[in-house]
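Visitor:
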Amino acid sequence: MLDDQAGRQQDVGAVKGCNVTEVYCDFDGTITRVDATDAVLEAFALPVWREWEQRWVRGEITSQHCLSRQ
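Numbers given in the working numbering equal positions in the sequence shown, counted from 1, plus 140.
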């Protein structure tokens with residue numbers, strides 16, 4: 141649904157009565173307040189993930205190496 145100039149919603153190709161699902165992928169932290177990867181690591185990873193993160197921040201390892209260890 142999009143808002144027209146009068147503030148009314150208008151259909152944009154969706155079937156009437158159906159919910160529209162939108163998915164946004166934020167791979168670089170530009171549209172979210174909390175980094176999605178950090179939130180997942182915080183919830184499910186062992187605490188050692190932070191050590192790998194700090195090594196990446198210091199430039200000691202690549203992002204690929206960091207993520208593969210986390």
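For every residue, glycine included, the Cβ atom is placed at its ideal position computed from N, Cα and C.
With a threshold of 7 Å on Cβ separation, who are the neighbours of S203 within its own chain once the five nearest residues in sequence on each side are excluded?
Guide: On the sequence shown, residue 203 is found 63 positions in, with the first residue counted as 1. Within the same chain, S203 has close Cβ partners W196.
Visitor: Indicate the three-state DSSP secondary structure (helix, strand or coil) for R198 in the structure shown.
Guide: Position 58 of the sequence shown, counted from the start, is the residue given in the question as residue 198. If DSSP states are grouped into helix, strand and coil, R198 belongs with coil.
Visitor: Pick out whichever of T172, V160, T177 has its Cα sitting closest to the Cα of L215.
Guide: Any answer about residue 215 is impossible in this case: the structure gives the chain only from 141 up to 210.
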